[in-house]
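In what follows, a structure is listed as structure tokens, so that the remarks can point back to it.
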Amino acid sequence: MFDKRAYYHVYNKTEKGQAIQRSNYQRHRERRLAMAAVRRAAIMSDPERHAKQTAYYRKWRAANKDKCDKAHKRLNARLRDEALNAYGRKCKCCGESFAEFLSFDHVNGGGSRQRKTDRAMRSNIHRWLRDHNYPADFQLLCMNCNWAKGKYGRCPHQNTEENVA
Ligand SMILES: [Zn+2]
Ligand SMILES: [Zn+2]
């Protein structure tokens, strides 16, 4: 007998199968998200269901730790990449463009103060920036420029004659 489930289990992992799944996902994305939102609202308003769901997910995450870690890493890499794009992918001060050296800096130095008060920002700056539409009072600085700015209030790159005078 033809085992449909086993067939698709294999087929969905092929390149063609993955492409079909992706296009199906995109096609029904809006509707699925809307349905998920309705379901979530129903669960959130029912403490008993909510507790049950939370317990279930906690157990699931513990049993699928590798999968979760990988998914987290992928998501974080994407969020960081999007944030880097939004801020020009280079140090505002010296032009350093290796992404590994770049960090997000609050232009008026309010970063650390704000970070202490805003848990969402502290836990994931990249997500926070996206959720706040990449605010203009943030900029990209490389580690050198960022550190100098933090320690001396100004990066030595900016010690031009007009600044020093
Ligand atoms: Zn720099
Ligand atoms: Zn600099």
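Going by the working numbering, 39 is the number at position 39 of the sequence shown; the sequence numbering is gapless. Where is the CB? At the ideal position from N, CA and C, for every residue including glycine. Note that the structure is a prediction, hence the values are computed from the model and not measured.
- Lys149 has its alpha-carbon roughly 22 Å from the corresponding atom of Ala86.
- A contact is defined here as three or more CB-CB pairs under 8 Å, and the region 86-103 meets this definition with respect to the region 132-149.
- Remark: the C-beta of Leu84 is outside contact range of ligand 1, defined as less than 7 Å to any heavy atom.
- Taking 7 Å as the cut-off, one finds no heavy atom of ligand 1 near enough to the beta carbon of Asn159.
- The C-beta distance from Asn146 to Asp105 rounds to 5 Å, short enough to fall under 8 Å.
- Residue list for ligand 1: Cys91, Cys93, Cys94, Glu96, Cys142, Cys145 (CB closer than 5 Å to any heavy atom, chain order).
- Annotation for Cys68 indicates a beta carbon at 7 Å or more from all heavy atoms of ligand 2.
- Listed in chain order, the alpha helix (DSSP H) runs fully inside the region 21-86 are 29-44, 47-63, 65-86, counting runs of at least 4 residues.
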